[in-house]
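Visitor:
In full-length UniProt numbering, the protein residues as written are 1 to 232.
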């Protein structure tokens, strides 16, 4: 089942990317394995999937240990990250998607710098201004980015967006387009400052990844469409 689902998702991503404003049409698929056992990760890995997303530190650490024999497998942290969990993760995640506040950045830099870790991160932007969700609001984005760029243990790679859940993904198209515009603006700005690695826009999940890709996403986070329904 998982292998067939992966094939279908990749085909749908490729088709959606034909309409993307991105010059590079390659889109990275993060298979969101949260709540699923490591056996599901192994099944997806055998089908060619190498990148997996988790949203809880302890669950991720357990699975990473269980999958340590898999060559080239990588795990991303995609969920809200508490500052008191940072001490457990230096060198654990290839990419952290959910950086959204100075207090977290300060703790990450302290721990990663001490351990000699250079960590790729994305800044989560709360474009829809949802109070119940993580993410920095646009008005505070400049200040947070400036702070991050002063931390030599952190490598700012781009932005992450988690829009409101909608029954119809078209209802979020304007947010995806707005996020791509914001991403492009900062990318141009950083390139002029000789910051060349700002290249990742993580947006789009199982319900709306095609719409997100059509509007410029180059990294999608898909779980249930690959692994099946979650038993929460």
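Note that beta-carbon positions come from the ideal geometry of N, C-alpha and C, so glycine has one too.
Keep in mind the model is a prediction, meaning the values are calculated, not measured.
Specify, as a first and last residue, the run of the beta strand (DSSP E) that residue 52 falls within.
Guide: 51-54
Visitor: What is the C-beta distance between residue 63 and residue 54, in whole angstroms, given that I count them as a contact (C-beta under 8 Å)?
Guide: Right, their Cβ atoms sit about 7 Å apart.
Visitor: Shortest alpha-carbon distance to residue 72 belongs to which of 52, 119 and 7?
Guide: 52
Visitor: From the DSSP output, in three-state form, read off residue 72 for me.
Guide: coil
Visitor: Just list the beta strand (DSSP E) runs in the segment 127-164, keeping only unbroken ones of 3 residues or longer that don't cross its boundaries, in chain order.
Guide: Taking 3 residues as the minimum length, the beta strand (DSSP E) runs contained wholly in the segment 127-164 are 154-161, in order along the chain.
Visitor: Exposed or buried, what is residue 218 when buried is set at 16 or more other beta-carbons lying within 10 Å of its beta-carbon?
Guide: Residue 218 is buried by the Cβ-count criterion.
Visitor: With contact counted as at least three CB pairs below 8 Å, one residue from each stretch, are the segment 7-20 and the segment 33-46 in contact?
Guide: The count of Cβ pairs closer than 8 Å, one atom from the segment 7-20 and one from the segment 33-46, stays below three, leaving the stretches out of contact.
Visitor: Comparing alpha-carbon positions, which option in 123, 222, 145 and 173 lies nearest residue 201?
Guide: 123
Visitor: Going straight from the alpha carbon of residue 95 to that of residue 30, what length do you get?
Guide: 11 Å
Visitor: Is the CB-CB distance between residue 104 and residue 81 below 8 Å?
Guide: Yes, these two residues count as a Cβ contact at 8 Å.
Visitor: If you draw a straight line from the alpha carbon of residue 125 to that of residue 160, how long is it in whole angstroms?
Guide: 6 Å
Visitor: Between which two residues does the alpha helix (DSSP H) carrying residue 226 extend?
Guide: 224-227
Visitor: Alpha carbon to alpha carbon, what distance is there between residue 216 and residue 142?
Guide: 21 Å
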